[in-house]
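For the sequence shown, the numbering used here assigns the number 442 to the last residue and increments by one with no breaks.
Glycine included, C-beta positions come from ideal geometry on N, C-alpha and C.
Read through the structure below, which is laid out as structure tokens, and then see the notes.
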Amino acid sequence: MKRIDHMKYLEGMEEIDSDILDRVISSMNDFDADNFTRADVKEALSKENISPRDFQALLSPAAEEFLEDMAIRAQKETRKHFGNSIYMFTPLYISNYCENYCIYCGFNSHNKIKRSKLNFEQIEKEMKAIAQTGLQEILILTGESRKFSDVEYIGEACRLASKYFNMVGLEIYPVNSDEYAYLNSCGADYVTVFQETYNSDKYETLHLAGHKRIFPYRANAQERALMGSMRGVGFAALLGLDQFRKDAFATGYHAYLIQQKYPHAEIALSCPRLRPIINNDKINPKDVHERQLLQIICAYRIFLPFANITVSTRERAGFRDNIIKIAATKVSAGVSTGIGSHSDEVAEEKGDEQFEISDPRNVDEVFQAIKDAGLQPVMSDYINLAIGK
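Structure, rendered in structure tokens:
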């Protein structure tokens, strides 16, 4: 295929003075998971605070036979720092128009799906319906299109969300720090960005057109968000796009370096595996099995004991019900990845979904599953006292 200059910033993209991405990529490239031994894993598990190299050991094939020990340690760290609390939220997709060509994503601009964008009246109806379930945290998502969902449109959605929810998150296209500051002033509390894969060569082959093809601009989004006064940031690789152990390491190490530089920031990790999409016949995922996903999540928890870890409805109900007993602290409920799916009044506006989900349970069912696990479902533990919010 014809190569594109995916490392060169486009006009209007903010470049920041930071060496974090270079450090992440360098350490990831040096990481050879097959070089670690049983002794390395045992040494890592014996430490109270583990190093980035210990984190690599816990992600290695050698650690697979220590999965039970890792789960016990992860559970200990989770209960120590989070008690029995499991936080609940739901995503709200407000537009699925996209200008990127990412071959693994259902929203990509070349995929022939039904496109839709909610107006503000419809957004508010959706939010009212979600709020009636008792949830106090919402994650607002869009396709990556400044034309159809510009920053002002997203900002107004945040203002509406602030009327109904104590916590408002965003999963949108990356923007500049001043735009993150604007969205924060509109009511957004945190930003999650999926880097997809930290292998820039692989990234290039997966992102064929659009602003998303610019690898470093996306990778520095969390730091720009914190520069723009966001309270928290989330990190994720889409496991299965490339070598999952390397991507898991890069994700955790990226979060670790951001936490060191911005100690006030709330850090979160998501653990998505590649899921089927509409019209997907162009990608062969590198399968990540449930035991390997469990290993990754336990390694995240041991390396970053204070980080929230989210396990979404990409995973089946049984896996989610078990992982909250060990390491996950946040789960979604009542999920649809389509547009206009929460309110009956907006149902006719529904656009196609981004990917298939595996856990279709509603809020009440997930709430009860958390209680059945002996844990405490939490709708919100945050009260925003900011004037005007």
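Measure from the alpha carbon of residue i to the alpha carbon of each residue in the options, then state which is nearest.
i	options	result
Lys-200	Cys-151, Gly-371, Asp-87	Cys-151
Leu-40	Val-221, Ala-303, Ser-202, Leu-98	Absent from the structure is residue 40, since the part of the chain shown begins at 54 and ends at 442.
Ser-253	Asn-164, Arg-298, Leu-74	Leu-74
Ile-156	Lys-314, Lys-255, Ala-274	Lys-255
Lys-61	Gly-263, Ile-379, Arg-414	Gly-263
Phe-218	Ser-230, Ile-207, Gln-189	Gln-189
Lys-314	Lys-167, Asp-72, Thr-186	Asp-72
Glu-68	Lys-100, Ile-267, Val-221	Ile-267
Arg-126	Ile-423, Asn-149, Pro-358, Gln-109	Pro-358
Met-81	Glu-197, Gln-275, Gln-296, Leu-261	Gln-296
Lys-383	Met-123, Ser-99, Ser-138	Ser-138
Asp-122	Arg-168, Ser-99, Tyr-235	Ser-99
Thr-250	Lys-216, Tyr-206, Ile-78	Ile-78
Leu-294	Gln-185, Gln-421, Glu-257	Glu-257
Gly-371	Tyr-226, Val-416, Ile-423	Ile-423
Ser-198	Tyr-226, Met-220, Met-180	Tyr-226
Tyr-206	Lys-216, Lys-181, Ile-176	Ile-176
His-317	Ala-360, Gly-196, Met-220, Gly-305	Ala-360
Enumerate in chain order the residues of its own chain whose CB-to-CB distance from residue i is below 8 Å, with the five nearest sequence positions on each side excluded.
i	result
Leu-292	Asp-300, Ala-301, Cys-324, Pro-325, Arg-326, Leu-327, Val-341, Leu-346, Ile-349
Gly-136	Gln-429
Leu-120	Arg-344, Leu-347, Gln-348, Cys-351
Arg-212	Cys-239, Gly-240
Val-388	Thr-143, Pro-144, Ser-365, Thr-366, Ile-410, Asp-412, Pro-413
Glu-232	Val-204, Gly-281
Ala-110	Phe-89, Asp-93, Val-94, Glu-96, Ala-97, Ala-116
Leu-310	Ile-73, Arg-76, Val-77
Val-416	Met-141, Thr-143, Thr-186, Gly-187, Leu-188, Ala-386, Gly-387
Exposed or buried, what is residue i when buried is set at 16 or more other beta-carbons lying within 10 Å of its beta-carbon?
i	result
Met-141	buried
Ile-376	buried
Glu-174	exposed
Glu-64	exposed
Ser-104	exposed
Asn-332	Interpretation of Asn-332 is limited by its pLDDT of 47, a score under 50 that renders its predicted location unreliable; the figure taken from the coordinates is listed afterwards. Asn-332 should be labelled exposed.
Ala-92	exposed
His-59	buried
Asp-70	exposed
Cys-102	Looking at the sequence shown, residue 102 is not Cys but Asn. Asn-102 is exposed by the Cβ-count criterion.
Lys-167	exposed
Asn-237	buried
Asp-107	buried
Asp-242	buried
Gln-30	This structure leaves residue 30 out entirely; the chain is present only between 54 and 442.
Asp-405	For Asp-405, the predicted model reports a pLDDT of 48, less than 50, meaning its position is unreliable and no value from the coordinates is stated.
Assuming residue i contacts residue j (C-beta within less than 8 Å), just tell me the rounded distance between them.
i	j	result
Ala-214	Ile-147	Not confirmed; about 10 Å, so no contact.
Leu-322	Ala-303	Not confirmed; about 12 Å, so no contact.
Arg-284	Glu-319	6 Å
Ala-289	Phe-247	5 Å
Val-419	Ala-386	4 Å
Met-432	Gly-208	So it is not a contact: roughly 25 Å between Cβ atoms.
Asn-149	Ser-169	6 Å
Less than 6 Å between C-beta atoms, sequence neighbours within five positions excluded: which residues of the same chain meet that for residue i?
i	result
Gln-407	In this prediction, Gln-407 has a pLDDT of 49, which is less than 50 and means its spatial position is unreliable; what the coordinates show is noted afterwards. Answer for Gln-407: Gly-159, Phe-160, Thr-390, listed in chain order.
Ser-113	Ala-86, Phe-89
Val-244	Leu-223, Ala-278, Met-283, Val-286
Leu-194	Pro-144, Tyr-146, Glu-224
Met-66	Tyr-270
Gln-312	Ile-320
His-260	Cys-155, Arg-266
Ala-124	Cys-351, Ile-379
Spatial neighbours of residue i within its chain, please: CB distance less than 7 Å, with the 5 preceding and 5 following residues excluded, ordered by chain position.
i	result
Ser-411	Thr-366, Arg-367, Glu-368, Arg-369
Ile-183	Thr-143, Leu-145, Ile-191, His-395
Val-228	Val-204
Ala-426	Asp-374, Ile-377, Lys-378
Ser-230	Glu-67, Arg-277, Met-280, Gly-281
Arg-510	Since the first residue of the chain shown is 54 and the last is 442, residue 510 is not available in this structure.
Tyr-235	Val-204, Gly-208
Asn-273	Ile-69, Ser-71, Leu-74
Mind listing, in chain order, the continuous beta strand (DSSP E) runs of no fewer than 3 residues lying wholly within the region 91 to 151?
138 to 148
With a floor of 3 residues, list each beta strand (DSSP E) that falls wholly inside the region 161 to 222, ordered by position along the chain.
190 to 195
Output the residue ranges of the alpha helix (DSSP H) runs that lie fully inside the region 234 to 303 and measure 4 residues or longer, sorted by chain position.
The region 234 to 303 is shown to contain whole alpha helix (DSSP H) runs of 4 or more residues at 253 to 259, 268 to 272, 274 to 280, in chain order.
So within the region 333 to 395, which uninterrupted alpha helix (DSSP H) runs reach at least 4 residues, ignoring any that extend past its ends?
343 to 356, 370 to 376
Contiguous beta strand (DSSP E) assignments of at least 3 residues, all confined to the region 407 to 435
429 to 431
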